[in-house]
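Working notes, structure below.
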Amino acid sequence: MVTCNSATSNGSIVVHTQSYFALYNELFINGQKDVGVGRTVEFYDRNRFYAALGYALKDNVKFQLGWMQQTINSWSKDQIQISMHHSF
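Quick note, the sequence shown lines up with residues -5 to 82 if you use the working numbering.
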């Protein structure tokens, strides 16, 4: 994480902000191939790779701008994702 401090023009209020980088890879697999009623699914379902830049406005409010590549057996797609993460 990158941490920086900034102040208002009169220097009386200091706001603590954080920028960060998020990175993850998710692999989805099916525990069973037979899902009933004669239907089956592949063992490998999909893979999601995600990379983003984030900004923590407060300890419980964060924003992310990222890129996700989602791959399934027959296709792959890229998408831009903007998200807000809030915790109570």
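Ideal Cβ placement from N, Cα and C applies to all residues, glycine included.
Going straight from the alpha carbon of residue i to that of residue j, what length do you get?
{"i": "Met62", "j": "Ser13", "result": "19 Å"}
{"i": "Lys52", "j": "Ser68", "result": "41 Å"}
{"i": "Gln26", "j": "Glu36", "result": "9 Å"}
{"i": "Ala46", "j": "Leu17", "result": "7 Å"}
{"i": "Leu59", "j": "Asn41", "result": "20 Å"}
{"i": "Thr2", "j": "Phe43", "result": "Below a pLDDT of 50, predicted positions are generally treated as unreliable, and Thr2, at 44, falls in that range; the measurement from the model is reported next regardless. About 39 Å."}
{"i": "Tyr38", "j": "Phe22", "result": "7 Å"}
{"i": "Val31", "j": "Ser77", "result": "38 Å"}
Tell me which residues share the same chain as residue i and place their Cβ nearer than 6 Å to its Cβ, disregarding the 5 neighbours each side in the sequence.
{"i": "Lys71", "result": "Gln64"}
{"i": "His79", "result": "Lys56"}
From what residue to what residue does the beta strand (DSSP E) around residue i run?
{"i": "Gln58", "result": "55 to 66"}
{"i": "Asn41", "result": "38 to 52"}
{"i": "Ser30", "result": "In the sequence as presented, Ser is not what sits at residue 30; that position holds Gly. Run containing Gly30: 28 to 30, per the beta strand (DSSP E) assignment."}
{"i": "Ser70", "result": "69 to 80"}
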